[in-house]
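Colleague:
Okay, structure coming up:
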């Protein structure tokens, strides 16, 4: 099941994307739950949503308008991994070096955005970069869970472009200021529920820029699996429904590294992940992005108001 | 003016602490604003609050019950500084070394707590430590503000104990897992509004543990001033009303370093800051802390419900 949050004239509502012969249709789920986060955390509501999808006649549903989609969830917290793919190592490290522990950082709420939010290149930023990532959405509170039970706490998967300002990232030991500019965490377009992702360690993560594939690597090459990461984080802190844990980015392909240039206004980057979908993020300058930058189009709690 | 959030039988409400001859009294401000964050961000509401305090007869107000105080604000984001006091340097660095840029990290919402929240020592944690800090509370949105105008965006000041698990902090380059255990950011007991803090670079930060002063250093010895830090952060991201920017901890006094032992269940640590107040945090084991650990006593939006 693909879950979305979509905007209407009087607020945002949860919905499911239902395939029809001629394309995707939208099934409103506002009668089942007030938000996707509520839905994910409530087994009975999820069962109702599945039943509603199964009972629906796709041809009678409205065509999905991708322009109405906002961030599928507004996470309480977003934790991200660095250097989690084999072959992606810090500058100066041995290419085969593997860390003993995941390197974890935080993206703040001002970074959160959806599939239609433009991302402004901050004034003076000279080295803004993209990172295509599988983002895990928590469905059930996780507190000191074992590796074996960790995936039971995962509601589903979405896509994150972990936009990063490398110049700021290099200025201090901690990466926060390189990771937390407004709008630097667009997610979406939807959450694919975990039952539709048979193996999170068998997904192909690709990034397309200017028509060229710049990243192409399977999650089978991660150092730390989704199950391990959820287990690991939950030893330290409590993960709550709607929280996002992003699993890191693969290294760019050699050819892409050679021609890489920092992102600029007018660029578009597509992250596509097999079995999940694709997320295209357009970059703009601050002066022209105005109110559509960052998470300003998503209500903080994303409750349905109608 | 000292602003608090206090819990009642039917929710939490903003209030002001009004001194009387025999101790502090509580003036409810629920009629002025739904929460302290709303109050801080609304000049008219702040004027009403000040007028209400000025017009109040302290002797007719209820005695302040410190046990009712919860976190004065529930921040949208909390950004913290490392190594911001002269003499406090990373392991291995020259004692006189001074960074060119502030080192900034994030504490996640699961860490947020108030003055009466117990902090659980996580199971197996062997090196939990305290850090006494001046925490700046944002009152007005700050986006690329100059140093000169930065303090206009500060609503006031509170106290943070930036509790840290040094063992986790040392395991990876990023400090998040050492900083983000549940309840590891108690703040309070109140916010002193900026007009009552004539110079944020002239505050004495002290920590008292087991009756001994273990930290005692003035904010005049910070490397980066409050004004600079707000300016600096606002170049990268937008600070919103209620956000907290914490200014780092001084190094422990030499005698305290010699006898330092990690925090354990049963310990209590008091951070006191001249002109602001004092925050005592009690540490407990997870099994006995139950529902009072972390931010569980604070409603997420802290809106008054009555």
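Chains as they are written, first to last, in our numbering: chain W, 1 to 306; chain S, 1 to 306. For every residue, glycine included, the Cβ atom is placed at its ideal position computed from N, Cα and C.
Can the beta-carbon of residue 119 of chain W be found closer than 9 Å to that of residue 273 of chain W?
Modeller: No; because the gap between Cβ atoms is not below 9 Å, this pair is not in contact.
Colleague: For residue 290 of chain W, which residues in the same chain have their Cβ closer than 7 Å to its Cβ, ignoring the five residues on either side in sequence?
Modeller: Any reading at residue 290 of chain W must be qualified, since the residue scores a pLDDT of 44, below 50, and its modelled position is unreliable; the value itself is stated next. Nothing meets the Cβ criterion.
Colleague: For the alpha helix (DSSP H) containing residue 254 of chain W, name the first residue and the last one.
Modeller: 254–259 is the extent of the alpha helix (DSSP H) around residue 254 of chain W.
Colleague: For a test of the three-state rule: what should DSSP assign to residue 77 of chain W, helix, strand or coil?
Modeller: Residue 77 of chain W: coil per DSSP, three-state reduction.
Colleague: Compute the beta-carbon to beta-carbon distance between residue 144 of chain W and residue 234 of chain W, rounded to the nearest angstrom, for a pair I have assumed lies under 8 Å.
Modeller: Indeed, because the Cβ distance is near 6 Å, the residues count as touching under 8 Å.
Colleague: Hey, is the segment 29–46 of chain S in contact with the segment 238–252 of chain S, meaning 3+ C-beta pairs nearer than 8 Å?
Modeller: Output reads yes: the segment 238–252 of chain S touches the segment 29–46 of chain S.
Colleague: With a CB to CB cut of under 7 Å and the five nearest residues on each side skipped, what residues in its chain are close to residue 83 of chain S?
Modeller: Excluding residues within five positions, the ones whose Cβ falls inside 7 Å are 89, 90, 99, 103, 248.
Colleague: Can you tell which of S:195, S:226, S:230 has the C-alpha that lies nearest to the C-alpha of residue 177 of chain W?
Modeller: Comparing Cα positions, the closest option is S:230.
Colleague: Would the beta-carbon of residue 194 of chain W fall within 9 Å of that of residue 155 of chain W?
Modeller: Yes. Within cutoff.
Colleague: Would you identify the three-state DSSP class for residue 2 of chain W, choosing helix, strand or coil?
Modeller: Residue state, collapsed to three classes: strand.
Colleague: Mapping DSSP to helix, strand and coil, what is residue 225 of chain S?
Modeller: DSSP places residue 225 of chain S in coil when its eight states are reduced to three.
Colleague: Is the shortest distance between the beta-carbon of residue 161 of chain W and the beta-carbons of chain S less than 9 Å?
Modeller: Taking Cβ atoms only, chain S never reaches closer than 9 Å to residue 161 of chain W, which makes this a no.
Colleague: For the alpha helix (DSSP H) containing residue 147 of chain S, name the first residue and the last one.
Modeller: Looking at the DSSP string, the run of the alpha helix (DSSP H) that includes residue 147 of chain S is 147–150.
Colleague: Do you know how far the Cα of residue 12 of chain S is from the Cα of residue 75 of chain S?
Modeller: For residue 75 of chain S and residue 12 of chain S, the distance between alpha carbons rounds to 15 Å.
Colleague: Along the alpha helix (DSSP H) that carries residue 169 of chain W, what are the first and last residues, could you check?
Modeller: Its alpha helix (DSSP H) spans residues 166–170.
Colleague: Taking the CB atoms as reference points, tell me whether residue 3 of chain W and residue 62 of chain W lie closer together than 9 Å.
Modeller: For residue 3 of chain W and residue 62 of chain W, no; Cβs fall outside 9 Å.
Colleague: Could you name the residues of chain W that residue 172 of chain S contacts, counting a contact when the two beta carbons are closer than 8 Å?
Modeller: Under the 8 Å cutoff, chain W gives 99, 101, 102, 103, 104.
Colleague: Let's see if you can read the secondary structure: which residues bound the beta strand (DSSP E) around residue 246 of chain S?
Modeller: Its beta strand (DSSP E) spans residues 244–246.
Colleague: Quick check: the Cα distance between residue 71 of chain S and residue 7 of chain S, rounded to an integer number of angstroms?
Modeller: Taking the straight line joining both Cα atoms gives about 10 Å.
Colleague: What are the residues in the segment 108–119 of chain S lying within 7 Å of chain W by C-beta distance?
Modeller: Residues passing the 7 Å Cβ filter: 108, 109, 110.
Colleague: If you draw a straight line from the alpha carbon of residue 286 of chain S to that of residue 138 of chain W, how long is it in whole angstroms?
Modeller: Distance between the alpha carbons of residue 286 of chain S and residue 138 of chain W: 23 Å.
Colleague: Can at least three beta-carbon pairs, one atom from the segment 250–258 of chain W and one from the segment 108–116 of chain W, be found at a separation below 8 Å?
Modeller: At 8 Å Cβ cutoff, the stretches do not touch.
Colleague: Establish whether the CB of residue 238 of chain S and some CB of chain W are separated by less than 9 Å.
Modeller: Yes, residue 238 of chain S lies at the interface with chain W (some Cβ there is under 9 Å from its Cβ).
Colleague: Give a yes or no on whether 9 Å exceeds the smallest Cβ distance from residue 307 of chain S to chain W.
Modeller: Lying outside 1 to 306, the shown extent of chain S, residue 307 of chain S is not represented and no answer is given.
Colleague: Three-state secondary structure (DSSP) at residue 10 of chain S?
Modeller: DSSP places residue 10 of chain S in coil when its eight states are reduced to three.
Colleague: Please report the distance separating the alpha-carbon of residue 210 of chain S from that of residue 24 of chain S.
Modeller: About 26 Å.
Colleague: Once DSSP output is grouped into helix, strand and coil, what is the label at residue 161 of chain W?
Modeller: Residue 161 of chain W falls in the strand class under three-state DSSP.
Colleague: Pairing CB atoms from the segment 148–164 of chain S with CB atoms from the segment 180–199 of chain S, are three or more of them under 8 Å?
Modeller: Because the criterion of three Cβ pairs below 8 Å is met, the segment 148–164 of chain S and the segment 180–199 of chain S touch.
Colleague: For the segment 176–199 of chain W, which residues have a beta carbon sitting closer than 8 Å to at least one beta carbon of chain S?
Modeller: Against chain S - using a Cβ distance shorter than 8 Å - the residues of the segment 176–199 of chain W are 176, 177, 180, 181, 182.
Colleague: Note the first and the last residue of the continuous beta strand (DSSP E) segment covering residue 272 of chain W.
Modeller: First-last of the beta strand (DSSP E) with residue 272 of chain W: 268–273.
Colleague: Give me the Cα-Cα distance between residue 184 of chain W and residue 167 of chain W, rounded to the nearest whole angstrom.
Modeller: About 14 Å.
Colleague: Measuring straight from C-alpha to C-alpha, what distance separates residue 203 of chain W and residue 225 of chain W?
Modeller: If you take the alpha carbons of residue 203 of chain W and residue 225 of chain W, they lie about 12 Å apart.
Colleague: Please compile the residues from chain S whose C-beta is within a distance smaller than 8 Å of the C-beta of residue 263 of chain W.
Modeller: The contacting residues do not exist; residue 263 of chain W stays about 16 Å from chain S at best.
Colleague: Can the beta-carbon of residue 276 of chain W be found closer than 9 Å to that of residue 227 of chain W?
Modeller: Taking 9 Å as the Cβ cut-off, residue 276 of chain W and residue 227 of chain W do not qualify as a contacting pair.
Colleague: Out of S:109, S:17, S:16, S:208, point me to the one whose CA is closest to residue 186 of chain S's CA.
Modeller: Residue 186 of chain S has its Cα closest to that of S:109, out of S:109, S:17, S:16, S:208.
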